[in-house]
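Under the numbering used here, the first residue of the first sequence carries the number 1400, and numbering increases by one thereafter.
Let me begin by presenting the structure, written as structure tokens, before commenting on it.
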Amino acid sequence: MRVATWNVNSLKVRLPQVINWLEINQPDVLCLQETKTQDENFPKDAILDAGYHPIYSGQKTYNGVAILSKRMSGSFVATIPNFIDSQKRVLAATYEDIRIICIYVPNGQSIDSEKFQYKLGWLTALNKWLQDELIKYPKLILLGDFNIAPEDRDVHDPKLWEGKVLCSTSEREAFMALLKLGLVDSFHLFDHPDRSYTWWDYRMMAFQRNMGMRIDHILLSHKLSDNCTNCIIDKEPRNNERPSDHTPVMVDFSI
DNA sequence: ATGGCTTCATAGTGAAGA
1400 MRVATWNVNS LKVRLPQVIN WLEINQPDVL CLQETKTQDE NFPKDAILDA
1450 GYHPIYSGQK TYNGVAILSK RMSGSFVATI PNFIDSQKRV LAATYEDIRI
1500 ICIYVPNGQS IDSEKFQYKL GWLTALNKWL QDELIKYPKL ILLGDFNIAP
1550 EDRDVHDPKL WEGKVLCSTS EREAFMALLK LGLVDSFHLF DHPDRSYTWW
1600 DYRMMAFQRN MGMRIDHILL SHKLSDNCTN CIIDKEPRNN ERPSDHTPVM
1650 VDFSI
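Take a look at the structure:
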């Protein structure tokens, strides 16, 4: 089984790249963030033609998440319970006995902005919800764009980014708090080259200079981490014309 | 260096992303 995540930064622009990537990599599940597509405009037929069943929760211009899966899910939820949020950032569904939770964590803009407080509140609500979800679903995958670089080694220039949004202590503590619930960062189950990242700024030739951050993650409950056989950051789509600024991340399981 | 690039949006002194 293979499960993947990709912040596509507009599904409308990236649809041909997504279809192509599905064909090449054959994930069982692909979670998308920043679809920026209202539900009535979601390219359902193109996804079905590619052999995947989509579920989606989108809005105009910003945010938006989707899960594409070879198997159909039953019902899904598109909100964090007891958390009022007009932004479409979460989608949870169950495939077989595996709970998939696709998230697009708020960016936060800068640590002194109101958006940063929204980000921290959002992460607190996510944590509370995950406590219940992990009891209900021992096999759980929490994946997506976390907009947090968990450690200095996940940042191309830790000094430059010290204390800044994506790297601040409060964000990193929120990330650590998710791990403490009983989740494992699949990236660290395996060896990777130093300076492995999932996002690079469009500007300043950042990708060519590998000035990136590791902010897209796949967290696994212990029941699943025992069976995880690989975690791959696929930089290949960044070579496409009009690439997303994020690359896909995927995990494989021996189940 | 509050820039630089890309997207969606509108026709803004753009907004937001990370």
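C-beta atoms are modelled at their ideal positions from N, C-alpha and C, and glycine is treated no differently.
Treat the numbers as computed from the prediction; the structure is a model and nothing was measured.
For Pro1557, the uninterrupted alpha helix (DSSP H) run begins and ends at Pro1557 to Trp1560, by DSSP. Sequence-distant partners of Ile1446 (beyond 5 residues in either direction) whose C-beta falls short of 7 Å from its own C-beta, in its chain, are Pro1453 and Leu1467. Counted as a single uninterrupted DSSP element, the stretch harbouring Ser1468 is not any alpha helix (DSSP H) but the beta strand (DSSP E) occupying residues Val1464 to Ser1468.
The shortest C-alpha to C-alpha distance from Leu1541 to any of Glu1550, Val1554, Leu1525 and Asp1553 is the one to Leu1525. As the crow flies, the alpha-carbon of Arg1637 is around 13 Å from that of Asn1419. In the three-state reduction of the DSSP assignment, Gly1520 falls in the helix class, which pools H, G and I. Of all alpha-carbon atoms in Gln1437, Asp1438 and Lys1469, the one lying nearest the alpha-carbon of Ala1449 is that of Lys1469. Burial check for Gln1432: the Cβ neighbour count within 10 Å reaches 16 or more, so the residue is buried. With 16 or more other CB atoms across the displayed protein chains lying within 10 angstroms of its CB, Arg1413 is buried. If you look at Arg1413, you'll find it isn't in any beta strand (DSSP E); it sits in the alpha helix (DSSP H) that goes Leu1410 to Asn1424. Looking at the backbone, the Cα of Leu1559 and that of Ile1547 are separated by about 15 Å.
Following the DSSP letters along the chain, one finds Asp1584 inside the beta strand (DSSP E) bounded by residues Leu1582 to Asp1584. In chain order, Asn1406, Gln1432, Tyr1503 and Asp1615 place their CB closer than 6 Å to the CB of Asp1544, counting only its own chain and leaving out the 5 sequence neighbours on each side. Pro1537 and Leu1588 have their alpha carbons spaced roughly 19 Å apart. Under the three-state reduction of DSSP, Ser1456 is assigned to strand. Residue pairing for Arg1498: DSSP places it in a beta bridge opposite Thr1493 and Leu1539. The Cβ atoms of Leu1490 and Ser1456 sit closer than 8 Å to each other.
Around the C-beta of Ile1497, 16 or more other C-beta atoms lie within 10 Å, and the residue is accordingly described as buried. The beta carbon of Cys1566 sits closer than 7 Å to those of Ala1548, Val1554 and Trp1560, all from its chain and outside the five residues before and after it, given in chain order.
Taken in chain order, the complete beta strand (DSSP E) segments of 3 residues or longer contained in the region 1579–1620 are 1582–1584 and 1615–1620. The C-beta distance from His1645 to Thr1568 rounds to 24 Å, too long to meet the 8 Å contact threshold. The C-beta distance from Asp1427 to Val1402 rounds to 6 Å, short enough to meet the 8 Å contact threshold. By the Cβ-count criterion, Leu1578 is exposed, with fewer than 16 other Cβ atoms from all chains shown falling within 10 Å of its own Cβ. The Cβ atoms of Gln1516 and Val1564 do not sit closer than 8 Å to each other.
For Ile1446, there is no enclosing beta strand (DSSP E); the residue is found in the alpha helix (DSSP H) stretching over Lys1443 to Asp1448. Linking Arg1571 to Gly1562 through their CA atoms gives a straight-line distance of about 10 Å.
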